[in-house]
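Just add 50 to the spot in the sequence shown (first one is 1) and you have the working numbering.
Have a look at the structure below before the remarks.
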Amino acid sequence: MTEDKTVSSSLPQDSGDFFMAPSSYEKEFADEFAALPLKWRRYLTIREDMFAQTVSELQSRLALCQWFEEAFQSHRSELCANGIASAQDWLKGIIALEQEFCRNPAEAVKQLAAAYGVVYPASAPATSSASLQPLDNLLRAKIIEKQLADFALDKDEQGELKHPYYQDVIVDICHLLSHGAAQGLDEAYDMAIWLNQSTRSKLLSQQIQSALKDKTKEAEISKEAAFAVVGKSTPETKPLTLREELEQRFAALGYIEK
51 MTEDKTVSSS
61 LPQDSGDFFM
71 APSSYEKEFA
81 DEFAALPLKW
91 RRYLTIREDM
101 FAQTVSELQS
111 RLALCQWFEE
121 AFQSHRSELC
131 ANGIASAQDW
141 LKGIIALEQE
151 FCRNPAEAVK
161 QLAAAYGVVY
171 PASAPATSSA
181 SLQPLDNLLR
191 AKIIEKQLAD
201 FALDKDEQGE
211 LKHPYYQDVI
221 VDICHLLSHG
231 AAQGLDEAYD
241 MAIWLNQSTR
251 SKLLSQQIQS
261 ALKDKTKEAE
271 ISKEAAFAVV
281 GKSTPETKPL
291 TLREELEQRF
301 AALGYIEK
């Protein structure tokens, strides 16, 4: 510890050896930072940078959620009148309806028109996107809400949810779909669970646990196999006394009867 103090005191503050305490440290701890061993200064500085980066990412996500919530509140009365009670429901509806319009826009418009009693014959002249905008704003959530609900509740043959992290990554799914990074819900979900730090940690933990279980099983199988081989080996014979050994040798030479 004394040698490290001597080296640290001789270094300039911009030496690159983590001489300065992180800016978030209170003065009491910042003053004593330089007295720590280099490995601790490096560790604490890097950890503080990682923490600051995580906080920045969370603040960005929070700002996005707040912006969307404010947008929902500004249209709350008309959305609630159409059965959309929350910002999350609104977002789900927008995503699902956008997908439907991408796959088959003409059929999607017909379905929406029929749902709200709007006459929209197949032979009707093309309608501008501007005139359809009010219809989009009010009706898109209907198709989307059903699709996302089915996706979130979809189960496998064992009755387990196929998409258990859906609620954790819904914001990431929306981001991927809105930027064209994924072509559908399944692809967006598979990408989102690995891009999201929280779900990625859970998945990695599951893989590690699974690998450990496999290794444990292999070790047990190897142990059982080794035990079986040892169990089949010929048991060791009892050592002969000198008299018994001489008798056997003379008997073999024919000097004494067996």
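For every residue, glycine included, the Cβ atom is placed at its ideal position computed from N, Cα and C.
Using a Cβ distance threshold of 7 Å, proline 72 and threonine 104 do not count as a contacting pair. Here DSSP, grouped into helix, strand and coil, assigns lysine 205 to strand. In this model, cysteine 115 and glycine 209 are separated by some 32 Å (Cα to Cα). Within the same chain, Cβ atoms closer than 6 Å to the Cβ of phenylalanine 201 are found at Leu235, the five residues on either side in sequence being excluded. Of Ala301, Gly143, Asp81, the smallest CA-CA separation from isoleucine 194 is found for Gly143. Nearest Cα to glutamine 197 within the set Ile145, Tyr93, Tyr75: Ile145. Inter-residue distance for glutamate 237 and serine 248 is about 19 Å (C-alpha atoms, whole angstroms).
Around the CB of arginine 299, fewer than 16 other CB atoms lie within 10 Å, so the residue is classed as exposed. Look at leucine 211 here: in three-state DSSP terms it is strand. For the options Glu119, Leu86, Ser124, Phe83, the alpha carbon positioned closest to that of glutamine 138 is the one of Glu119. Restricted to the segment 98-148, not a single beta strand (DSSP E) segment is unbroken, complete and at least 3 residues in length.
In terms of Cβ geometry, tyrosine 215 and isoleucine 243 form a close pair [threshold 7 Å]. Judged by DSSP in its simplified three-state form, glutamate 76 adopts coil rather than helix or strand.
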